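Those sequence lines, one after another, are chains A and B. If you read the first sequence in the working numbering, its first letter stands for residue 6, the second for the next number, and so on. If you read the second sequence in the working numbering, its first letter stands for residue 6, the second for the next number, and so on. Think of the CB as a built atom: it goes at the ideal place given N, C-alpha and C, for glycine as much as any other residue. Since this is a predicted model, take the numbers as computed values, not measurements.
Protein chains: 2
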Amino acid sequence: MKNGIENGYYHEITPSGFGIAIKAGKVLFSKQSDFQKVEVFETESDLGRVLTLDDLMMTTEGDEYHYHEMIAHIPMMHHKKPESVLVIGGGDGGTVREVLKHKTVKKVVLCEIDGMVIDACKEFLPTISCGLTDPRVEIKVEDAIEFIKDKKNKYDIVLIDSTDPMGPGEGLFTEEFYTNVKSSLKEGGIVAAQSESPFVNKTEIKKMYDLLKKVFPICSTYTSNIPTYPGGYWAWAFCSESVKPLSYLDDERCEEITKTCKIYNKDYHMARFALPNYLKEIL
Amino acid sequence: MKNGIENGYYHEITPSGFGIAIKAGKVLFSKQSDFQKVEVFETESDLGRVLTLDDLMMTTEGDEYHYHEMIAHIPMMHHKKPESVLVIGGGDGGTVREVLKHKTVKKVVLCEIDGMVIDACKEFLPTISCGLTDPRVEIKVEDAIEFIKDKKNKYDIVLIDSTDPMGPGEGLFTEEFYTNVKSSLKEGGIVAAQSESPFVNKTEIKKMYDLLKKVFPICSTYTSNIPTYPGGYWAWAFCSESVKPLSYLDDERCEEITKTCKIYNKDYHMARFALPNYLKEIL
Chain A
6 MKNGIENGYY HEITPSGFGI AIKAGKVLFS KQSDFQKVEV FETESDLGRV LTLDDLMMTT
66 EGDEYHYHEM IAHIPMMHHK KPESVLVIGG GDGGTVREVL KHKTVKKVVL CEIDGMVIDA
126 CKEFLPTISC GLTDPRVEIK VEDAIEFIKD KKNKYDIVLI DSTDPMGPGE GLFTEEFYTN
186 VKSSLKEGGI VAAQSESPFV NKTEIKKMYD LLKKVFPICS TYTSNIPTYP GGYWAWAFCS
246 ESVKPLSYLD DERCEEITKT CKIYNKDYHM ARFALPNYLK EIL
Chain B
6 MKNGIENGYY HEITPSGFGI AIKAGKVLFS KQSDFQKVEV FETESDLGRV LTLDDLMMTT
66 EGDEYHYHEM IAHIPMMHHK KPESVLVIGG GDGGTVREVL KHKTVKKVVL CEIDGMVIDA
126 CKEFLPTISC GLTDPRVEIK VEDAIEFIKD KKNKYDIVLI DSTDPMGPGE GLFTEEFYTN
186 VKSSLKEGGI VAAQSESPFV NKTEIKKMYD LLKKVFPICS TYTSNIPTYP GGYWAWAFCS
246 ESVKPLSYLD DERCEEITKT CKIYNKDYHM ARFALPNYLK EIL
């Protein structure tokens, strides 16, 4: 069985032999960009519309907040005053939307290599992409590997909202790239990066953290549930030169953000760095 | 698409329109018992062998510890000296195996309605069922609804390791049953019950907790990841007359249990009662 839609069902089966199946509806958008196949389709499920890239699940209207709240608010709440934020990848706009909830934010740069992803999401996934038209947002349709090279001491927060470490996302999983990301941080800056499934992608996750640990003096991991990713469990790297996990949280800001979220709250935040034994052993 | 194996893949699609798919191998056991269809099959995946009942996923060799460590150790570690334990359902033996890791335990009663489940798991899932031959274990192939009626003040811990609230498990989700379970507890006793998926089964979970709250003065919820259940996220009820969540933990016992586990550790334990906003709203 190939990944993608066949006989009315979308399937994504990982190399480990299991994955997800969703009752598919009408295909709204399906084109090959310069980088990948971009597809948006309806589902006959509670999940609403789905975005896939190269037949791999990126996000759904019904569960996108599981991913976007976690990649944004965990690092953002560790910073005393995040003003300048860079989002790498994340063309669907969900991460930008969450970042914009923070009142301190003055500027968000979205650096996405594939303009077709942005355009398709603006048209077909408006509840996810809605933040992209905010005046604080600057969109750069560029390769982040090049973009980041000359950015020094510019961002309070960098969020690496990438695809998997194959295809156009591959170069975002290298020591050179992470070193440049570190240089782009202001003092007290924090990086969060999607870091694959602890259960399904044990080899990939080990490789990625081995590189991150070479670059960042503080490199930790937090996890949460994502219903539509195989295994339902996802990890993000939390990296910094000076900020330790759970070293800072402003209760008032936390309450404000919680009111706007379907998942995020203070208890949930505090619980995210507690990892299962098998994941601790890998890292 | 029907649940079960077809064209080389096992599918389980929930009424909400999405679910899991696993590359299936040889069917090792498939029979209709007096209660349900019992099936064990090989998979061509990291998950090893799988047990299904009425074509619904119960457990796999590859991820069973996600469920069994959580249903057992969270309540067990809240009790100062758990000696007498009742497991309701749980014919695969995984919950009993975890309970037996606690040195204080003198007696475990397994009350499973379907002897065929026990027999199939003893033959085909030995790494899961291995605890069932321990001399401390007494197996009762009986309907727990009847079994529990005359048990008063007998158990330190009752674990309701049931199927979903349809079919043979249905009567295990009623106020009358929960009332009898409460009566079966000794002073300081704790009940943990599998309570469906917070993401997929919002209606069922609300109904169940409404009943539990009528019966138990303390009724809380803890959650964890289960890769092979649709949505990958699962909840258990934690109920007691006197024991509050996170009110007790013996560090030394916790360390001992942690050494034997793939997931469970103190940090993970402490993090389990932190719930996402959407689940708090349901409960």
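Opening and closing residue of the alpha helix (DSSP H) in which residue i lies
i                : result
Phe182 (chain B) : Glu180 to Ser189
Ala276 (chain B) : Lys271 to Ala276
Val104 (chain A) : Gly99 to Val104
Tyr4 (chain A)   : Residue coverage of chain A in this structure runs from 6 to 288, which leaves residue 4 (chain A) outside it and unanswerable.
Met75 (chain A)  : Glu69 to Met82
Ala240 (chain A) : Segment Tyr238 to Ser245 is the beta strand (DSSP E) holding Ala240 (chain A); no alpha helix (DSSP H) there.
Met121 (chain A) : Gly120 to Phe129
Ile262 (chain B) : Asp256 to Lys264
Ile150 (chain A) : Ala149 to Phe152
Boundaries of the beta strand (DSSP E) in which residue i is found, first to last residue
i                : result
Asp166 (chain B) : Tyr160 to Asp166
Asn282 (chain B) : Looking at the DSSP string, Asn282 (chain B) is not in any beta strand (DSSP E); the run it does join, the alpha helix (DSSP H), is Asn282 to Ile287.
Phe23 (chain A)  : Phe23 to Gln37
Val92 (chain B)  : Ser89 to Gly94
Val114 (chain A) : Lys112 to Cys116
Gly3 (chain A)   : Chain A is shown only over 6 to 288; residue 3 (chain A) falls outside these bounds and no answer can be derived.
Val55 (chain A)  : Val55 to Leu58
Ile144 (chain B) : Val142 to Lys145
Lys42 (chain A)  : Lys42 to Thr48
Tyr227 (chain B) : Ile223 to Asn230
Pro18 (chain B)  : For the sequence presented, residue 18 (chain B) should be read as Ile rather than Pro. Start and end: Tyr14 to Ile18.
Close beta carbons around residue i, own chain, < 7 Å, minus the five adjacent residues each side
i                : result
His14 (chain A)  : Just to set this straight, residue 14 (chain A) is Tyr in the shown sequence, not His. Result list for Tyr14 (chain A): Ala26, Ile27, Lys28 and Ala29, in chain order.
Lys106 (chain B) : Ile262 and Thr265
Val110 (chain A) : Pro87, Glu88, Val90, Val104 and Arg141
Thr64 (chain A)  : Leu56, Tyr72, Asp97, Gly99 and Ile133
Ala125 (chain B) : Phe34, Val43 and Val45
Asp59 (chain A)  : Gln41, Lys42 and Gly172
Lys249 (chain A) : Ile223
Contact set for residue i: own chain, Cβ-Cβ below 6 Å, skip 5 residues either direction
i                : result
Leu207 (chain A) : One point to set straight first is that residue 207 (chain A) is Lys, not Leu, in the sequence displayed. Excluding residues within five positions, the ones whose Cβ falls inside 6 Å are Ile287.
Lys271 (chain A) : Cys259
Thr205 (chain B) : Note that residue 205 (chain B) is Val in the sequence shown here, rather than Thr. Once the five neighbours on either side are set aside, the close Cβ partners of Val205 (chain B) are Thr19, Ser21, Pro235 and Gly236.
Ser245 (chain A) : Ile195 and Ile223
Pro80 (chain B)  : Ile162, Ile195 and Ala197
Glu31 (chain B)  : It should be noted that the sequence gives Lys, not Glu, for residue 31 (chain B). So the list reads Glu47, once near-sequence residues are dropped.
Lys36 (chain A)  : Val43
Lys159 (chain A) : Ser189
With 16 other Cβ atoms within 10 Å as the buried cut-off, status of residue i
i                : result
Ser252 (chain A) : exposed
Gln41 (chain B)  : buried
Glu128 (chain A) : exposed
Val101 (chain B) : buried
Ser50 (chain A)  : buried
Ser247 (chain A) : exposed
Gly67 (chain B)  : buried
Met305 (chain A) : In the structure as shown, chain A begins at 6 and stops at 288. Residue 305 (chain A) is therefore absent and cannot be evaluated.
Pro281 (chain A) : buried
Asp161 (chain A) : buried
Asp155 (chain A) : exposed
Glu192 (chain A) : exposed
Pro131 (chain A) : exposed
Leu177 (chain A) : buried
Glu69 (chain B)  : buried
Cut-off 8 Å between Cβ atoms - residues of its own chain near residue i, not counting five sequence neighbours on either side
i                : result
Gly174 (chain B) : Gly94, Ser167 and Thr168
Glu11 (chain A)  : none
Is the region 69-78 of chain B in contact with the region 32-46 of chain A, if contact means three or more CB pairs nearer than 8 Å? Taking 8 Å as the limit for Cβ pairs, the verdict is that the region 32-46 of chain A does not touch the region 69-78 of chain B.
Is the number of C-beta pairs between the region 186-200 of chain A and the region 218-231 of chain A that are closer than 8 Å three or more? Output reads yes: the region 218-231 of chain A touches the region 186-200 of chain A.
(message) Using a Cβ-Cβ cutoff of 7 Å, what residues of the region 196-224 of chain A are near chain B? List them in chain order.
(response) Phe204: these are the residues of the region 196-224 of chain A whose beta carbon lies less than 7 Å from some beta carbon of chain B, given in chain order.
- Scan the region 42-67 of chain A for residues whose Cβ lies nearer than 7 Å to a Cβ of chain B and list them as they occur along the chain. Of all residues in the region 42-67 of chain A, Thr48, Glu49, Ser50, Asp51 and Leu52 have a Cβ within less than 7 Å of some Cβ in chain B.
task: Inspect the CB distances between the region 47-60 of chain B and the region 8-22 of chain B and report whether three or more fall short of 8 Å.
output: In short, these stretches touch, since the Cβ pair count reaches three.
**Request:** Count the CB pairs spanning the region 191-205 of chain B and the region 156-172 of chain B that are closer than 8 Å, and state whether there are at least three.
**Result:** Judged by pairs of C-beta atoms under 8 Å, the region 191-205 of chain B touches the region 156-172 of chain B, as three or more such pairs exist.
| field | Sufficient close CB pairs (3 or more, under 8 Å) joining the region 112-120 of chain A to the region 140-152 of chain A | value | As far as the Cβ criterion goes, the region 112-120 of chain A touches the region 140-152 of chain A, which means the pair count is three or higher.
Taking Cβ-Cβ distances below 8 Å as the criterion, which residues of the region 94-115 of chain A are in contact with chain C? No chain C is part of this structure, whose protein chains are labelled A and B.
Requested in this report: Inspect the CB distances between the region 227-238 of chain B and the region 227-244 of chain A and report whether three or more fall short of 8 Å.
Outcome: By the criterion of at least three beta-carbon pairs nearer than 8 Å, the region 227-238 of chain B is in contact with the region 227-244 of chain A.
Residues of the region 8-33 of chain B whose Cβ lies closer than 7 Å to any Cβ of chain A, in chain order
The residues in question are Tyr14, His16, Ile18, Ser21, Gly22, Phe23, Gly24, Ile25, Ala26, Ile27 and Lys28.
task = With 9 Å as the limit, tell me which residues of the region 80-91 of chain B have their beta carbon closer than that to any beta carbon of chain A; keep them in chain order.
result = Within the region 80-91 of chain B, no residue has a Cβ lying closer than 9 Å to any Cβ of chain A.
Interface residues of the region 270-281 of chain A facing chain B [CB-CB below 9 Å]: The residues in question are Asn270, Lys271, Asp272, Tyr273, His274, Met275, Ala276, Arg277, Phe278, Ala279, Leu280 and Pro281.
- prompt: When you check each C-beta in the region 258-269 of chain B against every C-beta of chain A, which residues fall closer than 8 Å?
  reply: For the region 258-269 of chain B, the set of residues with a beta-carbon nearer than 8 Å to any beta-carbon of chain A comprises Thr263, Cys266, Lys267, Ile268 and Tyr269, in chain order.
Checklist entry - When you check each C-beta in the region 111-145 of chain A against every C-beta of chain B, which residues fall closer than 8 Å? => result Taking 8 Å as the cut-off between beta carbons, none of the residues of the region 111-145 of chain A comes near chain B.
Listed from N- to C-terminal order along the chain, which residues in the region 160-174 of chain B have their beta-carbon within a distance smaller than 7 Å of any beta-carbon of chain A?
So the list is empty, because no residue satisfies the distance condition.
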